[in-house]
Amino acid sequence: MEKYKGMTDEELITSLKKFNIPHGPILKTTRKLYEKKMYEFES
Amino acid sequence: TSQKHRDFMAEPMGDKPVRCLAGIGDALGKKLEDKGFDKTYVVLGQFLVLKKDEELFREWLKDVCGANIKQARD
Amino acid sequence: TSQKHRDFMAEPMGDKPVRCLAGIGDALGKKLEDKGFDKTYVVLGQFLVLKKDEELFREWLKDVCGANIKQARD
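Set out below in structure tokens:
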């Protein structure tokens, strides 16, 4: 999870796009969910 | 759906407090209010920025105020 | 208001793309889409999460896609 916490919003959204994970904007109130989604997807 | 939800849906949400939402009682309502989600329209906003993804929205609700599965689904 | 805005307001926003918003042309639309704001309802969500604060919303629009004052107001 640490890996995603350190990412910028742009990096996180690029990763979501790369793996075709449906997503909305990275906001204060959504970021944690998408970090978790990336982590679950990769693990 | 519950009577609370039917009451909520019976008129425009306007400026209703978050505790008017089905599944959100005083305890969860307080936690949501403390995080800035004091009105039902702010919670709607969160649902929309999550692109109306119900699973993600339920997960957010669990994270933000500890809602259980039934409360989140309501 | 502009014809574009009147057209937009003439029917439910449904799943309309963000470029349907008055003030948002191709250039600003592309920047918003790249950041996940590809539909008008997602932008509405952001407005609601900002508690319908118009000034804050215009500020956000300037930051997220470089909208100028007129575009943000539209």
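Chains as they are written, first to last, in the working numbering: chain A, 33 to 75; chain B, 6 to 79; chain C, 6 to 79. Glycine is no exception: its CB is placed at the ideal position from the N, C-alpha and C atoms. As the structure is a computational prediction, the values presented were derived from the model and not from experiment.
Test: residue i CB closer than 8 angstroms to a CB of chain C
i        : result
PHE50(B) : Note that residue 50(B) corresponds to Gly in the displayed sequence, not to Phe. Closer than 8 angstroms to some Cβ of chain C, the Cβ of GLY50(B) qualifies, so yes.
VAL47(B) : yes
Interface flag, residue i vs chain A, CB-CB below 8 angstroms
i         : result
GLU64(B)  : yes
VAL126(C) : In this structure chain C extends from 6 to 79, so residue 126(C) is not present and cannot be described.
ASP58(B)  : yes
PHE42(C)  : yes
LEU26(B)  : no
LEU61(B)  : yes
Straight-line Cα distance separating residue j from residue i
i        : j        : result
ILE53(A) : TYR66(A) : 9 angstroms
ILE74(B) : PHE52(C) : 28 angstroms
ARG24(C) : PRO57(A) : 16 angstroms
LEU33(B) : LEU49(C) : 25 angstroms
LYS35(A) : LYS40(C) : 20 angstroms
LEU55(B) : THR62(A) : 7 angstroms
LEU66(B) : ARG78(B) : 10 angstroms
Where residue i falls: helix, strand or coil (DSSP)
i        : result
LYS56(B) : coil
Enclosing alpha helix (DSSP H) for residue i [first to last residue]
i        : result
LEU37(C) : 31-39
HIS10(B) : 8-14
THR46(A) : 41-50
Looking at chain F, which residues of the region 48-66 of chain A have a Cβ within less than 8 angstroms of any of its Cβ atoms? Chain labels in this structure do not include chain F; the protein chains are A, B and C.
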